[in-house]
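Heads up: take any position in the sequence shown, counting from 1, add 163, and you land on the numbering used here. C-beta: ideal position from N, C-alpha, C; glycine also.
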Amino acid sequence: MLEAHWCQYFSDRIEEGGVPSLLDLACGEGEVLRFADQVFAQRSEESPKAFCCDIAPAAVGMASGALNALPVAADSAALPFADAAVFCAVSQYGLEYAGQAAFFEAARVIGEGGRLHALVHCRGGVVERACGDVAGLLSAVIDSGLFGRMANYAETIPQAAAGTIPDTRARECVDRLRSALNAVGEALAVASPGPAREHVARLVTDCQTLAARLGHYAPGDVSTWIKGQKSDTEAFLYRMNSMLDVAQSEDDMRAVIGRLEAAGLTVEALSVLEAPGQSGALAWVVDAQRGSVS
Ligand SMILES: C[S@@+](CC[C@H](N)C(=O)[O-])C[C@H]1O[C@@H](n2cnc3c(N)ncnc32)[C@H](O)[C@@H]1O
Numbered sequence: 164m165l166e167a168h169w170c171q172y173f174s175d176r177i178e179e180g181g182v183p184s185l186l187d188l189a190c191g192e193g194e195v196l197r198f199a200d201q202v203f204a205q206r207s208e209e210s211p212k213a214f215c216c217d218i219a220p221a222a223v224g225m226a227s228g229a230l231n232a233l234p235v236a237a238d239s240a241a242l243p244f245a246d247a248a249v250f251c252a253v254s255q256y257g258l259e260y261a262g263q264a265a266f267f268e269a270a271r272v273i274g275e276g277g278r279l280h281a282l283v284h285c286r287g288g289v290v291e292r293a294c295g296d297v298a299g300l301l302s303a304v305i306d307s308g309l310f311g312r313m314a315n316y317a318e319t320i321p322q323a324a325a326g327t328i329p330d331t332r333a334r335e336c337v338d339r340l341r342s343a344l345n346a347v348g349e350a351l352a353v354a355s356p357g358p359a360r361e362h363v364a365r366l367v368t369d370c371q372t373l374a375a376r377l378g379h380y381a382p383g384d385v386s387t388w389i390k391g392q393k394s395d396t397e398a399f400l401y402r403m404n405s406m407l408d409v410a411q412s413e414d415d416m417r418a419v420i421g422r423l424e425a426a427g428l429t430v431e432a433l434s435v436l437e438a439p440g441q442s443g444a445l446a447w448v449v450d451a452q453r454g455s456v457s
């Protein structure tokens, strides 16, 4: 769906006369630039001078493979480009992370006749719903105390086996671990299929294997593994919560459009990119041009 949208967008720009320069804002690993690369390779003799811009230096490193884009590690709300330096700025689920001012900043760098096209997280849309489900599952894992209980188990059981602590302590920590695994199992049972459910299901299996075969592993490796799993799960939850935070309501989008118009852009009526099967909105579509919209 997203691919079809962007391929159509870039094909239309080629039909209109080409794209001298292209800036992907909050580009992540450069998905939009890869779509552009395909379209320009198939349909145009000339490729744009491309820039991939993201606040994360690792992301721009990866994105720069498409269209031979120049990597720019920068905040989209404070771009290191001169006024009117770019012909076409695009963003997919990106500008909203830098706040509404980033739309105004994108407008600043677009030259006469140039365009801005952004797909924006939509409040109440399918992406927000999916992220909410995933955040619920990952929060259940964190709230269950699984990681702390696993660490406690890994420390306590060898001591109980060596007879240096009473058996009651060992039983207590086994019960606490079991109840955490049960709580996670209940959350898993109602979770939607997808990478988060796979991640958590694998985590549960690995915890069970580790608990059953504790003596086979070096204590330092066990502790490192638990810390790694905890930080992966927290990072995953953080990404989901960030997406929930930046989902924009219709009023938010009207404010964005107001800012773009104030910056001298002509903005197409606000529209929505629908998910397949009428399951809801995938994104708001913002399409604007400096000068008259053709
Ligand atoms: C959901 S990802 C989207 C990435 C990419 N556009 C895509 O569709 O695959 C959001 C991106 O915004 C970036 N980001 C977050 N805050 C930013 C900011 N203030 N300025 C620029 N990029 C930012 C993140 O590093 C991340 O790569």
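- Between the stretch 210 to 217 and the stretch 234 to 241, do at least 3 Cβ pairs fall closer than 8 Å? Using a Cβ-Cβ distance cut-off of 8 Å, the stretch 210 to 217 and the stretch 234 to 241 are in contact, since at least three pairs of beta carbons, one from each stretch, lie closer than that value.
- Have a look at Gly-326, Ala-281, Ala-343, Asp-187 and flag the residue whose alpha-carbon is nearest the alpha-carbon of Gly-311. Comparing alpha carbon positions, the residue from Gly-326, Ala-281, Ala-343, Asp-187 closest to Gly-311 is Ala-343.
- Query: In chain order, what residues of the same chain have a beta carbon less than 6 Å from the beta carbon of Gly-362, not counting five sequence neighbours either side?
  - Reply: It is His, not Gly, that sits at residue 362 in the sequence shown. There are no such residues.
- Message: Just verifying my parser: in three-state terms, what is the DSSP assignment at Ala-189?
- Response: Assigned with DSSP and collapsed to three states, Ala-189 falls in coil, not helix or strand.
- Span separating the alpha-carbon of Cys-313 from that of Leu-340: Note on identity: in this sequence residue 313 is Met, with Cys being the wrong assignment. If you take the alpha carbons of Met-313 and Leu-340, they lie about 6 Å apart.
- Report the three-state DSSP secondary structure of Glu-166 (helix, strand or coil). Note: Glu-166 maps to helix in three-state DSSP.
- Query: To the nearest angstrom, how far is it from the Cα of Asp-478 to the Cα of Leu-400?
  - Reply: The chain is shown from 164 up to 457; residue 478 falls before or after that span and cannot be answered.
- Whose C-beta lies closer than 6 Å to the C-beta of Ala-451 among residues of the same chain, with five residues either side of it excluded? Residues of the same chain with a CB within less than 6 Å of the CB of Ala-451, apart from the 5 flanking positions on each side, are Leu-279, Leu-423, Leu-428, Val-430 in chain order.
- Query: Which value, in whole angstroms, describes the spacing of the CA atoms of Ala-199 and Gln-263?
  - Reply: Cα-Cα distance, rounded: 25 Å.
- Under 6 Å Cβ to Cβ from Ser-434, same chain only, skipping five residues before and after it: list those, please. Apart from the 5 residues on each side of it in sequence, Ser-434 sits with its Cβ closer than 6 Å to the Cβ of Val-448 in its chain, given in chain order.
- Query: For His-379, does the count of other Cβ atoms within 10 angstroms reach 16, so buried, or fall short, so exposed?
  - Reply: So His-379 counts as exposed.
- Item | CA-to-CA distance, Ser-210 to Pro-243, given in whole angstroms | Taking the straight line from one Cα to the other gives about 22 Å.
- Pull up the distance between the alpha-carbon of Cys-190 and that of Pro-358, whole angstroms please. In a straight line, the C-alpha of Cys-190 is about 22 Å away from that of Pro-358.
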